[in-house]
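Going from the sequence shown to this note's numbering is simple: count from 1 and add 2. Notes follow the structure.
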Amino acid sequence: MKNIVLISASPKINEQSVSKKFLDMAANRLDANAFNKTFIDVRKSIPNHQCEAFETLSKADVIIISFPLYFFCLPGILTQFLQDYYHYYTEHKVVSNKVKVFAIVNCGFPEPEINLEAVRVIKSFSQHINAEFCFGVLIGAGPMMFAAKDAPFMKKPIQKLQDAFSAIAENIKHEQVTRTDNIYISLNFLYYRCIFLFFGDRGWVTMARKNGLKKIELYRKPYC
3 MKNIVLISAS PKINEQSVSK KFLDMAANRL DANAFNKTFI DVRKSIPNHQ
53 CEAFETLSKA DVIIISFPLY FFCLPGILTQ FLQDYYHYYT EHKVVSNKVK
103 VFAIVNCGFP EPEINLEAVR VIKSFSQHIN AEFCFGVLIG AGPMMFAAKD
153 APFMKKPIQK LQDAFSAIAE NIKHEQVTRT DNIYISLNFL YYRCIFLFFG
203 DRGWVTMARK NGLKKIELYR KPYC
């Protein structure tokens, strides 16, 4: 039975993250009778359970990493986690068959291409641990996939999501390493994109008011 390690790398503390929801969707495509699935929450593992997490990773046949885009790259906690695992990998001289690695990256921007640099980092990490990076699922407007999932214009993106996670499951079934192109999932609309950007901007105003600020104060330049 293959060991599949699913890594959730959102820095969020209390609420369930969008990245974890995508990871759950991917996990649901994997037959529980055929695969041994183990979840690792990077944020929770760093303080006290990192060695346990690394031991689990060292026995993995497949690694699926899901995370949000932070400053056009990885969240800091994930960067630290991967660096520390690399040191663990080299110090313990981990020997394993070719491990398959997949990345699921989501961002708040409508354009999924913005996630590409983060996927390249995961690919580089894979090479450093002698694993094979198969492909990434790059998701634009990630939070909207759940917040507006019942809207008519979301039907195609949601179906593409399901197809992408099915592609991961199908790839894992085969023993040989099968590389394919990254999968890009976006909201293919024009009118609704304007609405998306409008409400995205409004979100900052709402947050400012909750913190006792006025809209005009968002335009301050205190360091100029």
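We put the beta carbon where it would ideally sit given N, CA and C, even for glycine.
Could you have a look at residue i and say whether DSSP puts it in helix, strand or coil?
| i | result |
| --- | --- |
| Ile170 | helix |
| Val121 | helix |
| Ala133 | coil |
| Gly214 | coil |
| Gly110 | coil |
| Val7 | strand |
| Ile15 | coil |
| Val207 | helix |
| Gly144 | coil |
| Lys151 | coil |
| Lys102 | strand |
With a CB to CB cut of under 6 angstroms and the five nearest residues on each side skipped, what residues in its chain are close to residue i?
| i | result |
| --- | --- |
| Thr40 | Val7, Thr58 |
| Ala153 | none |
| Leu25 | Leu8, Ser10, Ser68 |
Starting from the C-beta of residue i, find all residues in its chain whose C-beta is less than 7 angstroms away, skip the five residues before and the five after it, and write them out in chain order.
| i | result |
| --- | --- |
| Cys75 | Glu119, Ala120, Val123 |
| Phe137 | Phe104, Arg181, Thr182, Asp183, Asn184, Ile185 |
| Ala171 | Arg31, Leu32 |
| Leu84 | Phe127 |
| Pro13 | Arg45, Pro77, Ile79 |
| Asp165 | none |
| Val29 | The identity of residue 29 in the sequence shown is Ala, whereas the question assumes Val. Answer for Ala29: Leu8, Lys39, listed in chain order. |
| Lys162 | Ile187 |
My assumption, with CB atoms under 8 angstroms, is that residue i sits in contact with residue j. Please give the rounded CB distance.
| i | j | result |
| --- | --- | --- |
| Ala143 | Gly110 | 7 angstroms |
| Ser60 | Ser10 | So it is not a contact: roughly 19 angstroms between Cβ atoms. |
| Ser47 | Ala55 | 4 angstroms |
| His130 | Tyr90 | So it is not a contact: roughly 12 angstroms between Cβ atoms. |
| Ile106 | Ile66 | 7 angstroms |
Excluding sequence positions up to five away, which residues of its chain have a Cβ less than 8 angstroms from the Cβ of residue i?
| i | result |
| --- | --- |
| Glu219 | Ala210 |
| Glu4 | Reading off the sequence, residue 4 comes out as Lys, not Glu. Cβ neighbours of Lys4 beyond the five flanking positions: Ala36, Phe37, Asn38, Asp63, Val64, Ile174. |
key: the segment 129-147 touching the segment 10-25, judged by at least three CB pairs closer than 8 angstroms   = yes
query = Taking three-plus beta-carbon pairs below 8 angstroms as touching, is the segment 101-116 in contact with the segment 71-86?
reply = yes
Runs of beta strand (DSSP E) wholly within the segment 21-75 (minimum 3 residues, chain order) = 37-43, 64-70
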